[in-house]
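So the sequence lines, in the order shown, correspond to chains A and B.
Residue numbering for the first sequence follows the numbering used here, starting at 7 and increasing by one per position.
Residue numbering for the second sequence follows the numbering used here, starting at 348 and increasing by one per position.
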Amino acid sequence: SHLLVAEPEKIYAMPDPTMPESDIKALTTLCDLADRELVVIIGWAKHIPGFSALSLGDQMSLLQSAWMEILILSIVFRSLPYEDELVYAEDYIMDEEHSRLTGLLDLYVSILQLVRKYKKLKVEKEEFVTLKAIALANSDSMHIEDMEAVQKLQDALHEALQDYESSQHQEDPRRAGKLLMTLPLLRQTATKAVQHFYSIKVQGKVPMHKLFLEMLEAKV
Amino acid sequence: KEKHKILHRLLQNST
Chain A
7 SHLLVAEPEK IYAMPDPTMP ESDIKALTTL CDLADRELVV IIGWAKHIPG FSALSLGDQM
67 SLLQSAWMEI LILSIVFRSL PYEDELVYAE DYIMDEEHSR LTGLLDLYVS ILQLVRKYKK
127 LKVEKEEFVT LKAIALANSD SMHIEDMEAV QKLQDALHEA LQDYESSQHQ EDPRRAGKLL
187 MTLPLLRQTA TKAVQHFYSI KVQGKVPMHK LFLEMLEAKV
Chain B
348 KEKHKILHRL LQNST
């Protein structure tokens with residue numbers, strides 16, 4: 007219930023109406039969106055019970071490792087009601103063709119694979135918010151100072167997921183495991199996404215805000 | 348940590 011309350015408001019991409027349509031415009035819109043979402047994610051993380059009790063250094067390390075997984079999981083959940091489209095924001099929905107034109111076809115294919123998995127599982131909002139928090143706590147940062155404290159956070163979130171499943175999904179005793187088994191594909195997709203946006207940064211054609219740059223650099 | 352100053356600042360903000 008804490009995680010449901012902590013869930014951020016809807017976000018809008020608001021593409022610049024004065025800019026002519028192009029791949030650069032689409033990527034600029036997405037990078038701006040990601041920068042604003044990062045601010046929201048940092049605020050959200052503070053509402054995860056136990057997160058703020060970690061050292062500031064460990065809070066930073068978890069977010070630096072997991073931010074793209076959290077961004078992608080949010081896109082995946084928003085896209086569940088759609089067919090073969092990715093809801094980057096309420097006003098920014100991309101289909102296969104648009105993704106191809108923007109150079110994001112690989113990412114589109116990977117994220118859709120995740121969407122299909124969660125559709126098949128009929129994932130619920132309670133499960134989605136818990137998985138997002140688990141992705142953060144389980145981000146495998148190599149720079150954790152107090153692993154015991156991070157393990158405690160992982161255990162608490164894992165327990166929340168198990169409690170939810172044992173009360174709401176008694177018909178499938180393996181449901182929690184099935185949900186956790188989606189996380190490797192999420193990690194793989196996020197790694198690809200970070201590499202892709204890092205190479206866009208290196209090419210220097212797309213303007214990027216400071217927080218997005220800072221987080222991209224922390225991952226590479 | 349100096350390199351990650353925005354993240355650091357946002358985490359320290361109370362809101």
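Each residue gets a CB set at the ideal place from its N, CA and C atoms; glycine is no exception.
Asked                                                                                                                                                                     : Found
Report yes if the CB atom of leucine 110(A) is closer than 8 Å to the CB atom of threonine 136(A), and no otherwise.                                                      : no
How do the stretch 19 to 36 of chain A and the stretch 88 to 97 of chain A stand: do at least 3 beta-carbon pairs fall below 8 Å, yes or no?                              : yes
Measuring alpha carbon to alpha carbon, tell me which residue in His149(A), Met153(A), Asp112(A), Leu186(A) is nearest alanine 166(A).                                    : Leu186(A)
For the beta strand (DSSP E) holding valine 93(A), just list the boundary residues, first then last.                                                                      : 92 to 95
Taking methionine 100(A) as part of the alpha helix (DSSP H), name the residues at either end of that continuous run.                                                     : Looking at the DSSP string, methionine 100(A) is not in any alpha helix (DSSP H); the run it does join, the beta strand (DSSP E), is 98 to 100.
With respect to the alpha helix (DSSP H) encompassing valine 208(A), which residues constitute its N-terminal and C-terminal limits?                                      : 189 to 209
Report the option in Glu171(A), Gly49(A), Asp41(A), Pro55(A) whose CA atom is closest to the CA atom of leucine 358(B).                                                   : Gly49(A)
Count the CB pairs spanning the stretch 189 to 204 of chain A and the stretch 166 to 176 of chain A that are closer than 8 Å, and state whether there are at least three. : no
Which same chain residues end up closer than 7 Å to alanine 141(A) when comparing Cβ atoms and leaving out the 5 residues on each side of it in sequence?                 : Ala72, Glu75, Ile76, Leu79, Leu189, Leu192
Tell me whether phenylalanine 152(A) sits in a helix, a strand or coil according to DSSP, three-state version.                                                            : Per the sequence shown, the amino acid found at residue 152(A) is aspartate instead of phenylalanine. In the structure shown, aspartate 152(A) sits in coil (DSSP, three-state: anything other than H, G, I, E or B).
Hey, how far is the Cα of glutamate 154(A) from the Cα of leucine 69(A)?                                                                                                  : 17 Å
State yes or no: is the C-beta of isoleucine 54(A) nearer than 7 Å to some heavy atom of the ligand ADP?                                                                  : What this structure holds is no ligand at all, so the ligand ADP is not there to describe.
What are the residues of the stretch 141 to 160 of chain A that lie near chain B, defined by any Cβ-Cβ distance shorter than 8 Å?                                         : none
Looking at chain B, is there any beta carbon in it that lies within less than 8 Å of the beta carbon of tryptophan 17(A)?                                                 : Residue 17(A) is actually isoleucine in this sequence, not tryptophan. No, its Cβ sits nowhere closer than 8 Å to a Cβ of chain B.
Quick test of your reading: aspartate 152(A) and serine 61(A), contact by CB under 8 Å. State the CB separation rounded to the nearest angstrom.                          : 6 Å
Suppose the cutoff is 7 Å on Cβ atoms and the five residues either side in sequence are ignored; what does the same chain contact list for valine 82(A) look like?        : Ile117, Leu120, Val121, Tyr124
Express the C-alpha separation of isoleucine 150(A) and histidine 355(B) in angstroms, rounding to a whole number.                                                        : 16 Å
Note down, in chain order, every chain B residue with its Cβ under 7 Å from the Cβ of lysine 216(A).                                                                      : Ile353
Ordered along the chain, which non-local residues of its own chain (more than five positions away) have a Cβ less than 7 Å from that of histidine 202(A)?                 : Leu113
Taking only the alpha-carbon atoms, compute the straight-line gap between histidine 104(A) and tyrosine 88(A) and give it to the nearest angstrom.                        : 15 Å
Which same chain residues end up closer than 8 Å to alanine 12(A) when comparing Cβ atoms and leaving out the 5 residues on each side of it in sequence?                  : Trp50, His53, Ile54, Val135
Around the C-beta of leucine 10(A), are 16 or more other C-beta atoms found within 10 angstroms, so that it is buried, or is it exposed?                                  : exposed
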